[in-house]
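Here the structure is laid out as structure tokens; the discussion comes afterwards.
Chains as they are written, first to last, in the numbering used here: chain B, 110 to 427; chain V, 110 to 427.
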């Protein structure tokens with residue numbers, strides 16, 4: 110959930126008729142706060158609509174937007190606009206939505222999973238006492254999941270189980286080693302726990318995404334959402350999962366502006382609703398930090414509402 | 110992993126030529142221990158072979174073996190032996206194997222997931238300090254996952270998101286509420302954590318199973334393995350997941366002897382290898398408890414090796 114915003118007003122921000130187009134859970138969660146502190150109404154746009162509109166816009170308008178990622182190597186993909194559809198859009202927020210996109214405004218949410226970014230951050234916070242999503246992600250970078258996951262080799266005396274195509278290093282059971290009777294939570298390194306969690310969740314999302322792409326015969330799987338955040342290990346795990354489950358036939362693709370699909374879509378909805386009135390687009394700094402509570406932790410899954418970053422606005426002159 | 114055993118010897122159990130057919134990880138893990146303490150060799154049989162052989166045997170030989178489960182109601186399914194294949198066998202041990210079964214000895218492991226019973230017990234042990242798998246499972250019975258999971262209604266101001274078919278009570282993000290900044294692990298009830306874990310894992314297994322059944326056009330999904338252990342809430346969650354993702358088109362089926370597929374298959378492999386020598390089948394008590402270490406915790410995912418239970422043996426007279 111993030112607040113994705115454009116901004117419209119008549120004369121000034123505190124005018125009763127000021128409103129911001131917003132989408133996602135944040136549009137509900139922060140609605141009262143925006144009204145109370147800034148006098149701005151959040152005008153809710155459908156989340157799936159916005160995600161798809163944002164992704165389509167990026168894929169068509171931005172050069173070098175989509176890329177593949179494998180073994181630390183990023184490769185930009187040039188997509189022919191006439192051959193863009195259909196594709197599977199996988200948006201990883203606190204939960205995960207999988208959307209079959211057939212064209213502009215033509216889409217269906219075909220699947221999803223509750224095991225997403227909120228699960229990583231929620232379980233990770235309980236297990237490691239990390240104070241922020243970024244801290245947890247950073248931890249995973251230094252960890253080794255083999256301390257906690259049971260690998261195929263751990264089960265089969267160090268050997269592969271080649272008959273069914275599993276190498277000794279494949280994870281047989283996520284957190285399987287944590288069943289050990291003589292160890293407690295304190296005996297495991299937070300960085301190993303974080304790494305194991307990240308692999309479990311990324312791998313699971315990659316697998317379910319691939320199975321859905323297969324189901325609908327979709328060549329491309331495009332991953333977006335703030336969970337990824339250009340984090341190389343996350344992208345690598347998702348890419349490896351798609352590669353593994355598809356036996357090399359499918360490739361995961363990522364977007365440079367992955368965290369802003371909904372925001373872009375909400376912004377573009379001004380166009381749909383009142384293009385004639387939209388006369389000026391500009392970036393306008395807003396004192397968000399002072400107005401939106403005391404929470405100083407950066408939590409992308411709850412909306413990027415900290416810091417003094419600007420919110421992209423469309424100034425609306427009636 | 111469990112040790113699945115039949116037992117063969119010439120004159121007595123400590124004879125050098127005594128051996129037990131065994132399969133799964135336990136056949137590797139406990140191999141030395143059996144040799145050292147009982148003078149018995151574990152003769153390893155292929156795990157997938159054994160699972161399939163065991164399941165096929167049960168489905169054909171045992172009356173009222175398979176049943177569906179929904180809303181607390183068990184309904185036995187009479188399966189026509191001539192219309193048994195193909196089906197998807199989902200064996201949930203510490204990890205999960207998904208096997209497309211086309212006939213006796215005809216099968217392919219088509220998928221699986223590392224998020225299985227080991228994940229439930231491993232994560233559950235770290236988070237709740239439960240001392241046994243059974244204790245953790247029992248906890249889940251009394252818990253309420255809504256204290257920890259983010260539901261669709263939590264995101265959308267108590268409302269459904271009907272446009273994409275999600276009711277307000279659907280889990281949007283497993284453990285999503287645990288991202289709350291002002292709460293630590295100690296602030297959550299162990300029973301709520303256990304329930305949330307069980308739902309997350311059972312739901313995920315149900316979803317991936319259904320997607321694989323769909324992929325291969327399999328009408329039946331049969332769940333086995335010691336994770337389920339006739340636990341009604343586990344079966345209910347898996348059944349609901351299959352119902353939800355298939356929009357009511359597929360039904361999850363369970364087996365009465367779910368935890369013994371591999372053991373049965375290993376036992377039946379005597380038949381394959383040396384039927385002529387197999388002259389007596391009997392149940393023979395073995396002093397397992399005294400011989401296999403000091404671990405008094407019951408851990409079905411590591412094999413049921415505690416207590417004074419008997420191991421089914423085939424006495425082999427050369």
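Where a beta carbon is used, it is the ideal one built from N, C-alpha and C, also for glycine. Note that this is a predicted model, so its numbers are computed, not measured.
In the segment 245-318 of chain V, which residue ranges form an unbroken beta strand (DSSP E) of at least 3 residues, counting only runs that do not cross its ends?
Listed in chain order, they are 280-282.
Given that a residue counts as buried once 16 or more other Cβ atoms are within 10 Å of its Cβ, and exposed if not, what is residue 301 of chain V?
Within the second chain, residue 301 of chain V is the residue found at index 192, counting from 1. The residue in question, residue 301 of chain V, is buried, as its Cβ has 16 or more Cβ neighbours within 10 Å.
Straight-line CA distance for residue 344 of chain V to residue 283 of chain V?
Reading the second chain from its first residue, position 235 is the one you call residue 344 of chain V. Reading the second chain from its first residue, position 174 is the one you call residue 283 of chain V. Here the alpha carbons of residue 283 of chain V and residue 344 of chain V stand approximately 19 Å from one another.
Note down, in chain order, every chain V residue with its Cβ under 7 Å from the Cβ of residue 218 of chain B.
As a first step, residue 218 of chain B must be located in the first chain, where it is residue number 109. Simply 273.
Measure from the C-beta of residue 317 of chain V to each C-beta in chain B and report whether the shortest distance is under 9 Å.
Numbered from 1 along the second chain, position 208 holds the residue referred to as residue 317 of chain V. So, interface residue.
Counting only runs of 4+ residues fully inside the segment 182-254 of chain V, write out the alpha helix (DSSP H) ranges in chain order.
226-237 and 242-251
Which residues of the segment 307-334 of chain B have a Cβ closer than 8 Å to any Cβ of chain V? Give them in chain order.
When C-beta distances to chain V are compared with 8 Å, the residues of the segment 307-334 of chain B below that value are 309, 312, 313, 316, 317, 320, 321, 323 and 324, in chain order.
Compare the Cα-Cα distances from residue 174 of chain V to each of V/193, V/310, V/156 and V/157 and report the closest residue.
Start at 1 with the first residue of the second chain, and residue 174 of chain V comes out as number 65. When each option's Cα is compared against that of residue 174 of chain V, the closest is V/193.
Short of 6 Å in beta carbon distance, which residues of its chain neighbour residue 155 of chain V, apart from the five on each side in sequence? Order them along the chain.
For the purposes of this step, residue 155 of chain V is identified with residue 46 of the second chain, where counting begins at 1. Around residue 155 of chain V: no qualifying Cβ.
To which residues of the same chain is residue 378 of chain B closer than 6 Å at the C-beta, ignoring the five residues directly before and after it?
On the first chain, residue 378 of chain B is found 269 positions in, with the first residue counted as 1. Around residue 378 of chain B: 130 and 154.
Report yes or no: is there a C-beta of chain V within less than 9 Å of the C-beta of residue 281 of chain B?
Your numbering for residue 281 of chain B matches position 172 in the first chain. It does: the Cβ of residue 281 of chain B has a partner Cβ on chain V nearer than 9 Å.
List the residues of chain V that residue 265 of chain B touches, going by C-beta distances under 8 Å, in chain order.
Along the first chain, read from residue 1 onward, the residue named residue 265 of chain B stands at position 156. Correct list: 134 and 137.
Relative to the C-alpha of residue 127 of chain V, which candidate in V/331, V/312, V/146 and V/297 has its C-alpha closest?
Position 18 of the second chain, counted from the start, is the residue given in the question as residue 127 of chain V. If we check each option's Cα against that of residue 127 of chain V, V/146 comes out closest.
Say whether chain B places a C-beta atom closer than 9 Å to the C-beta of residue 157 of chain V.
Reading the second chain from its first residue, position 48 is the one you call residue 157 of chain V. Closer than 9 Å to some Cβ of chain B, the Cβ of residue 157 of chain V qualifies, so yes.
Is DSSP giving residue 129 of chain B helix, strand or coil here?
Position 20 of the first chain, counted from the start, is the residue given in the question as residue 129 of chain B. Collapsing the DSSP output to three states places residue 129 of chain B in a strand.
Taking CB distances under 9 Å as the criterion, tell me whether residue 249 of chain B reaches chain V.
Mapped onto the first chain, residue 249 of chain B falls at position 140. Answer no: the Cβ-Cβ gap between residue 249 of chain B and chain V never drops below 9 Å.
On a CA-only basis, which of B/340, B/372 and B/151 is nearest residue 178 of chain B? Give me that one, please.
For this step, residue 178 of chain B is matched to residue 69 along the first chain. When only C-alpha atoms are compared, the closest one is B/340.
Could you compute how far the alpha carbon of residue 233 of chain V sits from the alpha carbon of residue 277 of chain B?
Residue 233 of chain V sits at position 124 when you count from the first residue of the second chain. Residue 277 of chain B sits at position 168 when you count from the first residue of the first chain. Spanning the two alpha carbons is a distance of roughly 25 Å.
With a cut-off of 8 Å on the beta carbons, I'd call residue 157 of chain V and residue 273 of chain B a contact; round off their distance for me.
For this step, residue 157 of chain V is matched to residue 48 along the second chain. For this step, residue 273 of chain B is matched to residue 164 along the first chain. About 6 Å; that satisfies the 8 Å criterion.
Would the beta-carbon of residue 199 of chain V fall within 9 Å of that of residue 224 of chain V?
Reading the second chain from its first residue, position 90 is the one you call residue 199 of chain V. Reading the second chain from its first residue, position 115 is the one you call residue 224 of chain V. No, Cβ-Cβ distance for residue 199 of chain V and residue 224 of chain V is not below 9 Å.
Would you kindly work out how many angstroms separate the C-alpha atoms of residue 288 of chain B and residue 254 of chain B, rounded to a whole number?
Counting from 1 along the first chain, the entry for residue 288 of chain B is found at position 179. Counting from 1 along the first chain, the entry for residue 254 of chain B is found at position 145. Using only the alpha carbons, I get a separation of about 14 Å.
Measure the alpha-carbon distance for residue 247 of chain B versus residue 361 of chain B and round it to whole angstroms.
Walking along the first chain from the start, residue 247 of chain B turns up at place 138. Walking along the first chain from the start, residue 361 of chain B turns up at place 252. Between residue 247 of chain B and residue 361 of chain B, the alpha-carbon positions lie close to 23 Å from each other.
With a threshold of 6 Å on Cβ separation, who are the neighbours of residue 212 of chain B within its own chain once the five nearest residues in sequence on each side are excluded?
What you label residue 212 of chain B is simply residue 103 of the first chain in a count that begins at 1. Same-chain partners within the cutoff: 194.
Are residue 334 of chain V and residue 202 of chain V touching if we call contact CB-CB under 9 Å?
Counted from its first residue, the second chain places residue 334 of chain V at position 225. Counted from its first residue, the second chain places residue 202 of chain V at position 93. For residue 334 of chain V and residue 202 of chain V, yes; Cβs fall inside 9 Å.
Regarding residue 261 of chain B and the ligand GDP, is the C-beta to nearest heavy atom distance less than 8 Å?
Although the ligand GDP was asked about, the structure shown includes no ligands whatsoever.
Using the beta-carbon of each residue, which ones in chain B are nearer than 7 Å to residue 224 of chain V?
If you number the second chain from 1, residue 224 of chain V lands on position 115. Per Cβ cutoff of 7 Å: 283, 309 and 313.
Can you tell me which of V/357, V/132, V/183 and V/239 puts its alpha carbon nearest to the alpha carbon of residue 292 of chain B?
Walking along the first chain from the start, residue 292 of chain B turns up at place 183. Of the candidates V/357, V/132, V/183 and V/239, V/239 places its Cα closest to the Cα of residue 292 of chain B.
Going along chain V in order, which residues have a C-beta closer than 8 Å to the C-beta of residue 231 of chain B?
Numbered from 1 along the first chain, position 122 holds the residue referred to as residue 231 of chain B. Those within 8 Å of residue 231 of chain B in chain V are 257, 282, 283, 284, 285, 286, 287 and 288.
Is the Cβ of residue 294 of chain V closer than 9 Å to any Cβ of chain B?
Start at 1 with the first residue of the second chain, and residue 294 of chain V comes out as number 185. Yes, its Cβ sits closer than 9 Å to a Cβ of chain B.
Can you tell me whether residue 164 of chain B is buried or exposed, with buried defined as 16 or more other CB within 10 angstroms of its CB?
Here the question's residue 164 of chain B lines up with position 55 in the first chain. Per the 10 Å Cβ criterion, buried.
Alpha carbons only, please: which of V/160, V/258 and V/222 is nearest the one belonging to residue 364 of chain V?
To locate residue 364 of chain V, count along the second chain from 1; it is residue 255. Selected option, being the one with the closest Cα: V/160.
Taking C-beta to C-beta, are residue 265 of chain V and residue 304 of chain V nearer than 9 Å?
Sequence index remark: in the second chain, residue 265 of chain V carries index 156 (1-based). Sequence index remark: in the second chain, residue 304 of chain V carries index 195 (1-based). With contacts defined as CB atoms closer than 9 Å, residue 265 of chain V and residue 304 of chain V fail to qualify as a contacting pair.
Does residue 129 of chain B have its Cβ less than 9 Å from a Cβ in chain V?
Taking the first chain and counting its residues from 1, the one referred to as residue 129 of chain B is at position 20. Not one chain V Cβ lies under 9 Å of residue 129 of chain B.
For the alpha helix (DSSP H) holding residue 135 of chain V, just list the boundary residues, first then last.
Start at 1 with the first residue of the second chain, and residue 135 of chain V comes out as number 26. 135-138 is the extent of the alpha helix (DSSP H) around residue 135 of chain V.
How about residue 226 of chain V and residue 139 of chain V: are their beta carbons less than 9 Å apart?
Mapped onto the second chain, residue 226 of chain V falls at position 117. Mapped onto the second chain, residue 139 of chain V falls at position 30. No. Outside cutoff.
Return the bridge partner residues of residue 150 of chain B from the DSSP annotation.
What you label residue 150 of chain B is simply residue 41 of the first chain in a count that begins at 1. Partner(s): B/128.
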